[in-house]
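In UniProt numbering, the protein residues as written are 1 to 303.
Ideal Cβ positions, reconstructed from N, Cα and C, are used throughout, including at glycine.
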């Protein structure tokens, strides 16, 4: 009995020691997380209830839900919200479906071809957003852009089009660029997910006469569903946070046709110095992302 008590005591001491060591190693990350994630989030929510201008000589004035009420009366914010939702609704399904299709094709390849195509599609992800944007800005240039040159030379276009300066085309161009920079990571993830599918189940189904369509929906799809959920959530968040493309290409123009919530937050905070109002928009954006992500998780579980 005494031996058992001693062993239990040693076990508890060892567990406490391991816990202390673990928290010691976690401390730098925890400090960073609290200081640069949790604290800014709390300050964002807190400041959203104030008329804050970031001025040293101007005191913040508590206005309660005044910023939130003003948001829904602000036509530019409403336009930015609609544009953001359009980007999300259009880009997320296309990215998921296109990535899965390309991954299914690439997965059939072997050796160097598989590695080469994974590298090609992943290249825009690791390339700087500024470099990618400069290339697309050159493509869409209304005077010497590649798109206008090819279009006019082949007769598809009768004259040059100001792709980024015309409200009819600007948002579509932004979505197209976002698609090209968003499919790389999902393709790589789907290729890995398809590689983890139980091949014995596929072989058994093929022996029983199952078609490719049946094999995909009955065997492959259930096993890659967690990857699909991850891709959906990450792509949704990235689409809601579309900012760099807008900032570098259109600055929200023409006539606010490419304004997004993220860009409007930047504009109100750092150009109009309405810090509290911008934080209120940030809170609303976070709520939208959280609700949509929760719906995606629930939909995935029900399926």
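Suppose the cutoff is 6 Å on Cβ atoms and the five residues either side in sequence are ignored; what does the same chain contact list for residue i look like?
{"i": "residue 174", "result": "245 and 258"}
{"i": "residue 184", "result": "121, 122, 124 and 125"}
{"i": "residue 309", "result": "Any question about residue 309 goes unanswered here, given that the chain covers just 1 to 303."}
{"i": "residue 50", "result": "60, 62 and 276"}
Classify residue i: buried if its beta carbon has 16 or more other beta carbons within 10 angstroms, exposed otherwise.
{"i": "residue 148", "result": "buried"}
{"i": "residue 52", "result": "buried"}
{"i": "residue 262", "result": "buried"}
{"i": "residue 274", "result": "buried"}
{"i": "residue 269", "result": "buried"}
{"i": "residue 265", "result": "buried"}
{"i": "residue 48", "result": "buried"}
{"i": "residue 239", "result": "buried"}
{"i": "residue 281", "result": "buried"}
{"i": "residue 65", "result": "exposed"}
{"i": "residue 118", "result": "buried"}
{"i": "residue 138", "result": "exposed"}
{"i": "residue 127", "result": "exposed"}
{"i": "residue 24", "result": "exposed"}
{"i": "residue 136", "result": "buried"}
{"i": "residue 220", "result": "buried"}
{"i": "residue 224", "result": "buried"}
{"i": "residue 186", "result": "buried"}
{"i": "residue 252", "result": "buried"}
{"i": "residue 91", "result": "buried"}
{"i": "residue 77", "result": "buried"}
{"i": "residue 290", "result": "exposed"}
{"i": "residue 267", "result": "buried"}
{"i": "residue 43", "result": "exposed"}
{"i": "residue 249", "result": "buried"}
{"i": "residue 22", "result": "exposed"}
{"i": "residue 211", "result": "exposed"}
{"i": "residue 106", "result": "buried"}
Which residue comes first and which comes last in the alpha helix (DSSP H) that contains residue i?
{"i": "residue 149", "result": "146-154"}
{"i": "residue 89", "result": "75-107"}
{"i": "residue 177", "result": "170-182"}
{"i": "residue 68", "result": "66-71"}
{"i": "residue 161", "result": "Neither: residue 161 is in no alpha helix (DSSP H) and is coded neither H nor E."}
{"i": "residue 133", "result": "129-139"}
{"i": "residue 212", "result": "212-215"}
{"i": "residue 126", "result": "112-126"}
{"i": "residue 219", "result": "From DSSP, residue 219 is part of no alpha helix (DSSP H); its letter is neither H nor E."}
{"i": "residue 167", "result": "Unbroken run through residue 167: none, as it is neither H nor E."}
{"i": "residue 207", "result": "199-207"}
So who's on the other strand from residue i, going by DSSP bridges?
{"i": "residue 61", "result": "51"}
Take residue i and list the residues in its own chain whose beta-carbon comes closer than 7 Å to its own, dropping the five residues that flank it on each side.
{"i": "residue 100", "result": "190"}
{"i": "residue 17", "result": "none"}
{"i": "residue 79", "result": "256 and 259"}
{"i": "residue 180", "result": "124"}
{"i": "residue 169", "result": "161 and 163"}
{"i": "residue 284", "result": "71"}
{"i": "residue 145", "result": "138 and 139"}
{"i": "residue 142", "result": "148, 160, 161, 162, 163 and 165"}
Near residue i, which residues of its chain fall below 8 Å by C-beta distance, leaving aside the five closest residues on each side in sequence?
{"i": "residue 299", "result": "none"}
{"i": "residue 205", "result": "214, 215, 218 and 219"}
{"i": "residue 159", "result": "152"}
{"i": "residue 230", "result": "189"}
Counting only beta-carbon atoms, is residue i nearer than 7 Å to chain C?
{"i": "residue 31", "result": "In the displayed structure, chain C is absent; only one protein chain is listed."}
Please give the ranges of any alpha helix (DSSP H) in the stretch 240-286, keeping only runs that are unbroken, at least 4 residues long and fully inside the region. 244-249 and 261-270
Can you list the beta strand (DSSP E) stretches of 3 or more residues lying completely in the stretch 11-47, in chain order? none
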